[in-house]
Amino acid sequence: MIKFDNVNKRYPGGHEALSGVSFHIEPGEMVFLTGHSGAGKSSLLKLIACIERASRGNVIIDGQNLNRLKSRHIPALRRKIGVVFQNHNLLFDRTVYDNVALPLIIAGYHQSEVGRRVRAALDKVGLLGRERAMPITLSGGEQQRVGIARAVVNRPPLLLADEPTGNLDPELSKEIMQLFEQFNQVGVTVLVATHDHDLISRLDHRLLTLKQGRLDRDGSTADLIGETVAAAGGGI
Amino acid sequence: MSPRRERRKSPRPNNSTNTPARQKPRGKVNAYFTHHLWVLVSSLGVLWRTPFATFMTAAVIGIALALPAGLHVLLQNVQKLSTGWEGTAQMSLFIKQGVSEKRIQKLAKKLRGWDGVEEVRYISREQALEEFRKLSGFGDALDSLNENPLPAVLVVQPTSEASEPAQMELLLGKVRELKPVDLAQLDMEWVRRLSGIIELGKRGVLLLGSLLSLAILLVIGNTIRLTILSRRDEIVVTKLIGATNAFIRRPFLYTGFWYGLLGAVLAWMLVGIRLGLLSEPVSRLSFLYNSQFSLGGLDLETTAILLGSGIFLGLLGSWLAVGKHLQAIEPS
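Listed in order, the protein sequences are those of chains V and A.
Number 123 in our numbering belongs to position 122 of the first sequence; there are no gaps in the numbering.
Number 413 in our numbering belongs to position 260 of the second sequence; there are no gaps in the numbering.
Now the structure itself:
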């Protein structure tokens, strides 16, 4: 589903955000992406959504090499990717319903189909009944769930989340992660970028760790816990 | 859950035809038009929510359109006033004083026999005096004269084939040779000059119109530019969700459409009001000239051109603004 092949990303000015990153995420996997801020998590996600292009190497999404993707085909790519943002990126002058319906309207779905799917998505994130509310009247956790509903309403095969629990308390964070796991269970490939170690350690999934733009390790969260414990034990 | 709808054209085996038909499900085509209609209405709704700002922009466009439109209507009226005479190219032969009525009648008869002469009308000195008395209002002044100062006139109406300027000149030359004729005058001269002036005026309206059209383009372009900038975040988000440029462009184009249409309607009303204010004094004046002339309003054609050019300028202005500024907004 996502294949990085020796990818470099260098910004104008010489800062190298990613260097020599290679990995492959199979369809249906759920993967965490972690690392300190500035390690290149956001750059990596931007390459996947074709917000930026790799300086070197190949990024292949669903069999499409993004280096060779023409600008006019970017919208089609993005419709296959649901993105959950840390700051939600909701449109505050529209109702919850209209926010969630946006991807369907962009894709040209029929009105009745839009209504059905929006309600299904809102039901999924537990916000059915808040359709007519304006996003500003919702709590941070609710806003994030609206963002998730919008990301999945189109039933994309790939779901990206950039620090989806960044501003939420642990209890809400757990609920959000459970939502992602539910989507993963119905076959959606999920990639979650987060630096919330507590959260990751409680869930057993594949974990990619970035360190100064390089892929530092690629293993399960269970391994990481083992290593951390070993390192702590070694210290004593 | 229903299976995911496939948005890409599925390569369906189709051997019957060589050209792959663009197969779109009917529901989607319907949804496309529904969406257009929705954007059309909602962009008007957005304008409606800021009535003052919308009115200001529409008023600028309206005034800019009303100026050339009003002048155009004015010229149309002048033209209408003069077309009555344009077809009747005639020649007036003023007869020397002292020529007897009998000789004049003979002359008229002779002229009627000429090639290119349709009709000759004789206006005797008495008739001329009567007409003058009636039309000029100088009746009392005339009464104080001992003698009728007006000459007899033969009005020569050429056939329509002979109404060409060159042939008229020829005819004019011939009648000037005639002995009893004191002065031969082409009544067309001033009509022609007037139509020349009207042509010039039309050209002027065109020039003024194109200059003001440019101003309208700039006004609409700038308004749309500000709208785009104020909705920057929204554009970024919709681009991230996979909106095509056409999708993002649409509401701005429709906004331009509405500005153009509203401006044109305002212009129409402004011209109507101006004509309404003018029509009363004009008909009073034309009554004084013993004329049936009344000020014509905006005809259907002018109205259509006015609305059409308003809409066209609105769309073009927003198209230019959108093309320039939308490209610059990309998610980062």
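C-beta: ideal position from N, C-alpha, C; glycine also.
Using a C-beta to C-beta distance shorter than 8 Å, which residues of chain A count as neighbours of residue i?
i, result
"Q112(V)", "A184, T187"
"I107(V)", "T391, I394, G395, A396, T397, F400"
Buried or exposed: residue i, going by 16 or more other Cβ atoms within 10 Å of its Cβ?
i, result
"S253(A)", "exposed"
"S44(V)", "buried"
"M244(A)", "buried"
"T312(A)", "exposed"
"T408(A)", "buried"
"L209(A)", "Per the sequence shown, the amino acid found at residue 209(A) is Met instead of Leu. With fewer than 16 Cβ atoms within 10 Å of its Cβ, M209(A) is classed as exposed."
"P165(V)", "buried"
"R10(V)", "Note on residue identity: the sequence assigns Lys, not Arg, to residue 10(V). That one is buried."
"G357(A)", "exposed"
"P76(V)", "buried"
"L359(A)", "exposed"
"I137(V)", "exposed"
"H111(V)", "buried"
"D1(V)", "Since the first residue shown for chain V is 2 and the last is 237, residue 1(V) is missing from the structure and cannot be characterised."
"S174(V)", "buried"
"D197(V)", "buried"
Taking residue i as the reference, give the member of the options with the closest Cα.
i, options, result
"F247(A)", "K392(A), P333(A), N299(A)", "P333(A)"
"V226(A)", "G450(A), A474(A), L466(A)", "G450(A)"
"S113(V)", "H188(A), P484(A), K477(A)", "H188(A)"
"I61(V)", "S23(V), F86(V), S174(V), L169(V)", "S23(V)"
"V390(A)", "R80(V), H25(V), L169(V)", "R80(V)"
"L370(A)", "G467(A), K263(A), Q338(A)", "G467(A)"
"T380(A)", "L479(A), V194(A), P221(A)", "L479(A)"
"A217(A)", "E433(A), W472(A), G463(A), A474(A)", "G463(A)"
"I351(A)", "A222(A), Q229(A), N183(A)", "Q229(A)"
"H238(V)", "D219(V), T210(V), S221(V), T222(V)", "Here chain V comprises residues numbered 2 to 237, so residue 238(V) is not present and cannot be evaluated."
"E27(V)", "G39(V), P158(V), R131(V)", "P158(V)"
"G142(V)", "G167(V), G116(V), D199(V)", "G167(V)"
"L324(A)", "D268(A), G215(A), N299(A), G374(A)", "D268(A)"
"K4(V)", "H198(V), E172(V), Q65(V), V193(V)", "Q65(V)"
"V231(A)", "V424(A), I458(A), G354(A), G470(A)", "G354(A)"
"M31(V)", "L103(V), D219(V), E182(V), H198(V)", "E182(V)"
"A184(A)", "L46(V), V115(V), R54(V), I201(V)", "V115(V)"
"S202(V)", "L46(V), D217(V), T222(V)", "T222(V)"
"Q320(A)", "L339(A), V306(A), D335(A)", "L339(A)"
Between the alpha carbons of residue i and residue j, how many angstroms are there, rounded?
i, j, result
"R215(V)", "V187(V)", "31 Å"
"N398(A)", "L92(V)", "18 Å"
"A122(V)", "H74(V)", "26 Å"
"L180(V)", "Q145(V)", "11 Å"
"L78(V)", "P204(A)", "39 Å"
"H89(V)", "S485(A)", "15 Å"
"H16(V)", "S56(V)", "12 Å"
"S366(A)", "R202(A)", "27 Å"
"R151(V)", "V101(V)", "4 Å"
"D99(V)", "T456(A)", "39 Å"
"A420(A)", "L67(V)", "51 Å"
"K177(A)", "G109(V)", "Note on K177(A): pLDDT 46, under 50, position unreliable in the model; the coordinate value appears next. Roughly 11 Å between the two C-alpha positions."
"V126(V)", "I149(V)", "8 Å"
"S20(V)", "L169(V)", "31 Å"
"F405(A)", "I49(V)", "29 Å"
"L224(A)", "R345(A)", "20 Å"
"P171(V)", "I177(V)", "10 Å"
"A396(A)", "G220(V)", "36 Å"
"L441(A)", "Q280(A)", "21 Å"
"I106(V)", "L469(A)", "26 Å"
"L361(A)", "A222(A)", "10 Å"
Do residue i and the ligand ADP come close, with the Cβ less than 7 Å from some heavy atom?
i, result
"T166(V)", "This structure lacks the ligand ADP, and indeed carries no ligand of any kind."
Would you mind telling me which residues of chain V sit closer than 9 Å to residue i, beta carbon to beta carbon, in chain order?
i, result
"S383(A)", "Per Cβ cutoff of 9 Å: no residues; S383(A) is ~11 Å from chain V at best."
Run through chain A and tell me which residues come within less than 9 Å of residue i, C-beta to C-beta.
i, result
"R79(V)", "K392, L393, I394, G395, A396"
"A50(V)", "L393, P484"
Note down, in chain order, every chain A residue with its Cβ under 7 Å from the Cβ of residue i.
i, result
"P76(V)", "G395, A396, T397"
"L92(V)", "E387, V390"
"L103(V)", "T391, I394"
"V84(V)", "L393"
In chain V, which residues lie with their C-beta within 8 Å of the C-beta of residue i?
i, result
"S195(A)", "The premise fails here: S195(A) is roughly 10 Å from chain V at the closest Cβ pair, so nothing lies under 8 Å."
Within 8 Å (strictly less), CB to CB, does residue i reach chain B?
i, result
"A212(A)", "The structure shown contains no chain B; its protein chains are V and A."
**Message:** Extract the residue ranges of the beta strand (DSSP E) inside the region 179–212 of chain V, only unbroken runs of 3 or more that lie entirely within it.
**Reply:** Positions of the beta strand (DSSP E) runs, each at least 3 residues long and wholly inside the region 179–212 of chain V, are given as 190–194, 207–212 in order along the chain.
**Prompt:** What are the uninterrupted segments assigned as beta strand (DSSP E) that are 3 or more residues long and contained completely in the region 315–364 of chain A, given in chain order?
**Reply:** 334–339
**Request:** Could I get the ranges of all uninterrupted alpha helix (DSSP H) runs contained in the region 22–79 of chain V, with 4 residues as the minimum, in chain order?
**Result:** 42–49
**Request:** Kindly provide the ranges of any alpha helix (DSSP H) runs that are 4 or more residues long and lie completely inside the region 131–179 of chain V, ordered along the chain.
**Result:** 141–153
**Message:** Quick check for students: name the residue ranges of the alpha helix (DSSP H) that lie wholly in the region 195–250 of chain A, counting only runs of 4 or more.
**Reply:** 204–239
**Complete alpha helix (DSSP H) runs within the region 258–301 of chain A (minimum length 4 residues, chain order)** = 278–289, 292–296
**Message:** Restricting to runs no shorter than 4 residues, where is the alpha helix (DSSP H) found entirely within the region 354–435 of chain A?
**Reply:** 385–394
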